[in-house]
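Taken in sequence, the protein lines are chains A and B. Just so you know, the UniProt record's numbering puts the end of the first sequence at 196, numbered straight through with nothing missing. Just so you know, the UniProt record's numbering puts the end of the second sequence at 196, numbered straight through with nothing missing. In this text, a Cβ means the ideal position worked out from N, Cα and C, and glycines have one as well. Report on the structure given below.
Protein chains: 2
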Amino acid sequence: MPKIVDHDNRKKAIAEATWQVILEQGMKGATVRNIARKAGLSLGALRHYFSTQEELLIYAMDLVKERVSERVEKIALKNLPPKEMVLQMLLEIVPTNETTRAEMEVWLEFVLFFRNKGNRESQNDGILEGIQKLLDSLDRAQFLKKEIDKDLETERLCALIDGLAIHAILNPTRLTKERIISILAHHIDEICHFPF
Amino acid sequence: MPKIVDHDNRKKAIAEATWQVILEQGMKGATVRNIARKAGLSLGALRHYFSTQEELLIYAMDLVKERVSERVEKIALKNLPPKEMVLQMLLEIVPTNETTRAEMEVWLEFVLFFRNKGNRESQNDGILEGIQKLLDSLDRAQFLKKEIDKDLETERLCALIDGLAIHAILNPTRLTKERIISILAHHIDEICHFPF
């Protein structure tokens, strides 16, 4: 296996160890020492891949973003009926299973951690841009209702998604998967009309 | 002044010092020692009012909730046109000024702090109940559209409110007061019809 792949895989394994530590102990447990232990590496070996804690955390955060994007792109290729496609894409962000729940928990910890550090750059989670792209493509396909204000609807859907995501984490028994799906389906129907 | 009032006022002053410390240093700075210093009290004096940090934090959290409720109730008494009333009430939760912004920041820190401690009780922020009461009263006044699903709309509005609130804190330059008002006004129009 070429060395660069091995290097990348090792970095990904360290990012996964980071998520695990955050899920178990919150952000305050995410020290370089704890992460190295979880990844089964010496502190020196970990430092070979990431020289600072911040560098490691930003990498781990970007990897969450990348994985969500990959899953969303796969859905785009599935050739689903348009409403079903939109719904499935949004369900990659609002957590309804173990993977997406863990991602959102880790994400929230990241956002607040970097916010307290005054690092506003890293807060861009790409959701707004994703929703923008989604509404643009619905618009091109003439599925968006004529009378809607696209900018306003982008912002509104983005707020709804993040609000649902947080409630799904804080109140998983109230906000079941079925409930999340009905809310999203209803919201999609409000801004779109699908011929089938 | 009767002693009980003095006692209550002192507790409120300590809660305000707590908010201040959280705004300046985040939750990790909210030690009993730091709070006592900010309130200008000795550690012993503070312990007279709150015997544990948790007791103090829960009191400070409840006081945020109480103040928001008081402001919402005042709006209900103002005799405003119904849409304007609903809008003003929602704007007591989604931050568009210094007071509500600080409250939401502190609130978010509280929620995540108690969540990490496994204390799920304290997460009930009363927003869902508030929105429920609001939609019930709009329903009684026949302002709700006939075809809507009240439970689903309660959950949806609640998610929208919290999503907007978090975005307003994280991206205050993007999510201006005007933008928040147009989104909320549009959403209200979707679930209500007002005769004037």
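Taking 7 Å as the CB-CB cut-off, is residue 232 of chain A touching chain B? Given a span of 1 to 196 for chain A in the structure shown, any question on residue 232 of chain A remains unanswerable.
Best match in A/L90, A/K11 and A/L57 for proximity to A/L134 [C-alpha to C-alpha]: It is A/L90.
Buried or exposed, going by whether 16 or more other CB atoms sit within 10 Å of the CB of A/A45? Here A/A45 is exposed, its C-beta having fewer than 16 other C-beta atoms within 10 Å.
Give every residue of the same chain whose Cβ lies closer than 8 Å to the Cβ of B/D125, excluding the five residues on either side of it in the sequence, and list them in chain order. Exclusion of the five residues before and after B/D125 leaves K65, W107 and V111 as the residues of its chain whose Cβ lies within less than 8 Å of its Cβ.
Residues that B/L144 bridges to, as DSSP identifies them: B/C192
How big is the Cα-Cα spacing for B/E153 and B/E147? 11 Å
Within 10 angstroms of its Cβ, does B/H167 collect 16 or more other Cβ (buried), or is it exposed? Buried is the call here.
Any chance the stretch 173 to 186 of chain B sits against the stretch 170 to 185 of chain A, with 3 or more Cβ pairs inside 8 Å? no
Interface positions of the stretch 146 to 159 of chain B facing chain A (Cβ-Cβ less than 8 Å), listed along the chain: D149, L152, E155, R156, C158 and A159
Pull out every residue of the stretch 166 to 183 of chain B whose Cβ sits closer than 7 Å to any Cβ of chain A, in chain order. I166, H167, L170, R179, S182 and I183
Residues of chain A with a CB under 8 Å from the CB of B/L135: which are they? Near B/L135 there are no residues of chain A at all, since even the closest Cβ is about 14 Å away, more than 8 Å.
Give me the Cα-Cα distance between B/L144 and B/V94, rounded to the nearest whole angstrom. Taking the straight line from one Cα to the other gives about 22 Å.
Suppose the cutoff is 6 Å on Cβ atoms and the five residues either side in sequence are ignored; what does the same chain contact list for A/G29 look like? V21
Given B/N34, which residues of its chain have a CB within under 8 Å of its CB, disregarding the five upstream and five downstream residues? Excluding sequence neighbours, B/N34 sits near V21 and Q25.
Whose C-alpha, out of A/E129, A/E84, A/E54 and A/K38, is nearest the C-alpha of A/D151? A/E129
Could you say which of A/C158, A/T18, A/A39 and A/A76 lies nearest to A/Q53 if we only look at CA atoms? A/T18
Would you mind reading off the limits of the alpha helix (DSSP H) that contains B/M61? Q53 to A76
Please list, in chain order, the chain D residues whose beta carbon lies closer than 9 Å to that of B/E73. Of the protein chains in this structure, namely A and B, none is chain D.
Based on Cα-Cα distance, which residue from B/E84, B/A159 and B/L138 lies nearest to B/I127? B/A159
Burial state of A/D8, where buried means 16 or more other Cβ atoms lie within 10 Å: exposed
Listed in chain order, which residues of the stretch 74 to 97 of chain B have Cβ atoms closer than 7 Å to some Cβ of chain A? none
Under 8 Å Cβ-Cβ, which residues of chain A neighbour B/E55? Near B/E55 there are no residues of chain A at all, since even the closest Cβ is about 22 Å away, more than 8 Å.
Name the two residues that bound the continuous alpha helix (DSSP H) containing A/G44. L43 to Y49
Does the Cβ of B/E92 have 16 or more other Cβ atoms within 10 Å, making it buried, or fewer, making it exposed? buried
For A/M61, collect the residues of the same chain with a Cβ closer than 6 Å to its Cβ; drop the 5 residues on either side in sequence, then sort them by chain order. F110
Could you check if A/K78 is buried or exposed, using at least 16 other CB atoms within 10 Å of its CB as the buried criterion? exposed
Chain-ordered chain A contacts of B/L112 [CB-CB under 7 Å]: L112
In angstroms, rounded to a whole number, what distance separates the CA positions of A/R47 and A/L41? 10 Å
Pick helix, strand or coil for B/S122, following the three-state DSSP scheme. Note that B/S122 has pLDDT 48, beneath the 50 cutoff, so the model's placement of it is unreliable and no number is given.
Is the CB of A/S122 under 7 Å away from at least one CB in chain B? Reliability of the predicted coordinates at A/S122 is poor, the pLDDT of 48 falling under 50, and no value is obtained from them.
For B/L175, the three-state DSSP class (helix, strand or coil): coil
If you run the structure through DSSP and keep just helix, strand and coil, what is A/E92? coil
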